[in-house]
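Quick note: the sequence shown uses our numbering, first residue 139, plus one each step. All residues carry an ideal CB built from backbone N, CA and C; glycine is no exception. In what follows, a single structure is set out as structure tokens and then discussed.
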Amino acid sequence: MGVPVITITSDGQPLDASVEVLSLEVQREVNRVPEATVILLDGSLAERRFAISNLAFFLPGAPIRIALRLEGDPSDSIVFEGLVVRHAVERSGESSTLRVELKDGGFLLTRGRRSAVFTDATDSDVITTLIEEAGLRIGTIEATSTVQAELVRYNATAWDFLVSRADALGLVVTAHRGEISLRRPQLGEPRRRLDHGLDDVSELSLELDGAHQWASILGVGWDLSNGQATEPEEASDPGLAVGNVDIAAVAESLGGGEEVLLHPAALAPGELKDWASARLLRSRLALLRGRALVSGDARLEPLDTVEILGVGDRFNGRTLVTGVVHTVNENGWQSELRFGLHPDPFASRPDLAALPAGGLLPPLRGLQIATIGASQEDDSNQFRVRVRLPALEGAETDLWARLASPDAGEGRGFVFRPEAGDEVVLGFLDEDPRQPVVLGALHSARHPPPKPVDDPQASADLRALVSRAGTRIVFDDAKPSLTLETTPDGSADGTYKNRIAIDEDARTITIEDQHGHVIRLSKEGIALTSAKDLTIEAKGKVTIKGSSVDIQ
């Protein structure tokens, strides 16, 4: 094998030929930003300086291009182009070095979490926009057909957003020299044959992992039009065979006959099938994983097809390259080809979402039980209440919590403030323990609901709003009827003396009070009953008219 020649340039200017490059590593993998590491001989104890480090050539942010060729070859092959992100000087014993770490221009897509809403656009349109906004070049972007009414990027980097969407659509992202592409993994004509024992394959490691295989995958969503789950959408076969392996049979034997993906939301037409197909593709890409080390070959790229031979019926055949690592050191130039992907989707990454509570303090996750504390005036005029959490047992003070309401606005709203001792459910804005919100209250054996809905077996037709004083509004959908009742002394003893009842079943409206006075409107007419005197008084004249008037 020939001697490798490394050419490093910055803004078109080559690194001085006198600089000794000790090693170079360039990594390119699907769904990852390419990166490179260069280690150079630098530093002088006698002169007490690092001459190359002092140059602007490798200053963080500097553009760098790296090309490789074998001595005697007519031209270079550019294997990396990007930006310096880290610059370190190191010394061990008598040897000192400069270590430079670089990332492809796609790194710019990872900078900063942002939010945006894209309307009436396809994923490919949105992703193209994100690439353009980052000032990067657009490579091959496979067109997607599903039009999203609203596609929301929430507090995410552009890279995480576009890779997540690509992964959900059965696409993979590649970056090279600041050019971003989204393509569907497909087997093609082999770019190279890896013939074990005959080719220059110095290392080979291949494995079949059936633990994540499924014979089929279905996607189920929610149908808003009829209020029930959708019919299952079955994934398309990705067509990624591995040797002579019957993948469906392997999946069945390991309990992976059928996987059902459930998302209880209304998705765009076609999105369920895309989702299921993408997961099945990911499953198939996780079946064969491994690596092969060959002599340096700059022609090989992620998503190339290679043919593996001489390793038996289980592994012989075509497979996709999902990563290429070029290494140059004292042993020469070698290229590592990587195969397969991890079975977990990109969206499972723990750092995909921003830190809860903004990373300002440890989060308080999930809903929490609390009780309402003693009434206090909210000096901030935010209409908050004091709450006490069992989870904060030992805390010296209660927390202030805001109240959620079915409706709240300036001068209007649904105003029901909880009382001391009430059991409530709290949520926390962005999981910040300092931002509790009372979401609702809970009845229990200790705090039973009021009559007439206190019976656990009470019909769902019966609903009521009942105040502490016993005033209540009762809705009975069985009749249907609406009743407003109050007690004369403010005690909820079950005897209601003042009431207004609208009864659609009896077709009556009745008003009665604690003194026995009644006004009743029915199909027979209007009846006024006074338990004592009846006084009719008017500032003007009183007219009584009827087909007959009977005064007794």
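Cβ distance (whole Å) where residue i is taken to contact residue j below 8 Å
i: S215; j: A205; result: 6 Å
i: S619; j: D643; result: 7 Å
i: P501; j: A495; result: 4 Å
i: A389; j: A353; result: 4 Å
i: L332; j: L447; result: 7 Å
i: N121; j: S253; result: Nothing about residue 121 can be reported from this structure: the residues present for the chain run from 139 to 690 only.
i: T160; j: I177; result: Per the sequence shown, the amino acid found at residue 160 is Leu instead of Thr. Their Cβ separation, rounded to whole angstroms, is 5 Å, which keeps L160 and I177 in contact under 8 Å.
i: G478; j: L423; result: 6 Å
i: H350; j: S415; result: So it is not a contact: roughly 16 Å between Cβ atoms.
i: N636; j: T624; result: 5 Å
i: G428; j: L499; result: So it is not a contact: roughly 44 Å between Cβ atoms.
Among the options, the one whose alpha carbon lies nearest that of residue i
i: G335; options: S363, V449, E280, L307; result: V449
i: G250; options: L441, G455, W297; result: W297
i: F613; options: A639, K635, R606, T625; result: A639
i: D102; options: A259, L221, E219, N382; result: Any question about residue 102 goes unanswered here, given that the chain covers just 139 to 690.
i: L431; options: R422, A403, L475; result: L475
i: A194; options: I647, R166, T147; result: T147
i: G559; options: G511, A542, E232, L399; result: G511
i: T278; options: S253, V238, P323; result: P323
i: T535; options: T282, R572, S213; result: R572
i: E270; options: G244, R329, E468, I647; result: G244
i: P544; options: R524, V576, Q514, F188; result: V576
i: V562; options: A579, G547, G549, V553; result: A579
i: T260; options: V290, R275, T248, G231; result: V290
i: A667; options: K683, V680, I649; result: Note that residue 667 corresponds to Thr in the displayed sequence, not to Ala. Nearest of K683, V680, I649 to T667, Cα basis: I649.
i: Q482; options: N169, G150, P574, S283; result: Sequence inspection shows Asp at residue 482; the Gln mentioned does not correspond to that position. Comparing Cα positions, the closest option is N169.
i: D671; options: G678, T681, H653, E662; result: H653
i: P172; options: S230, R456, H314, L179; result: H314
i: P407; options: P370, D442, L378; result: P370
Proximity of residue i and residue j at Cβ, strictly below 8 Å
i: Q506; j: L527; result: yes
i: A174; j: L240; result: yes
i: G273; j: L246; result: yes
i: A287; j: T257; result: yes
i: L438; j: V462; result: yes
i: L236; j: S191; result: yes
i: V311; j: L300; result: yes
i: V444; j: P328; result: yes
i: V525; j: L537; result: yes
i: A598; j: I611; result: no
i: W471; j: A404; result: no
i: A200; j: V222; result: yes
Residue interval of the alpha helix (DSSP H) (run including residue i)
i: R452; result: Counting along the chain, R452 falls outside any alpha helix (DSSP H), and DSSP gives it neither H nor E.
i: A296; result: 296-306
i: N636; result: Here N636 belongs to no alpha helix (DSSP H); instead the beta strand (DSSP E) covers 636-641.
i: V388; result: 385-391
i: V264; result: 261-271
Endpoints, the beta strand (DSSP E) within which residue i is located
i: D614; result: 610-614
i: V157; result: No beta strand (DSSP E) contains V157, which DSSP labels as neither H nor E.
i: R572; result: Careful: R572 lies outside any beta strand (DSSP E) and carries neither H nor E.
i: R331; result: 330-333
i: H314; result: 310-314
Report task. Return the chain-ordered ranges of every alpha helix (DSSP H) run that is complete within the segment 423-475 and spans a minimum of 4 residues. Result -> Here no run is fully enclosed.
Query raised in the report: For the segment 482-569, which segments carrying the alpha helix (DSSP H) assignment without a break, of at least 4 residues, lie completely within its bounds, in sequence order?
Result: List check, alpha helix (DSSP H) in window: nothing returned.
Query - 3-residue-minimum beta strand (DSSP E) runs that sit fully inside the segment 174-257, ordered along the chain - result: Counting only runs of 3 or more, we get 201-208, 215-230, 233-242.
Requested in this report: For the segment 642-690, list the alpha helix (DSSP H) runs that are entirely contained and at least 4 residues long, ordered along the chain.
Outcome: You should have found no qualifying run.
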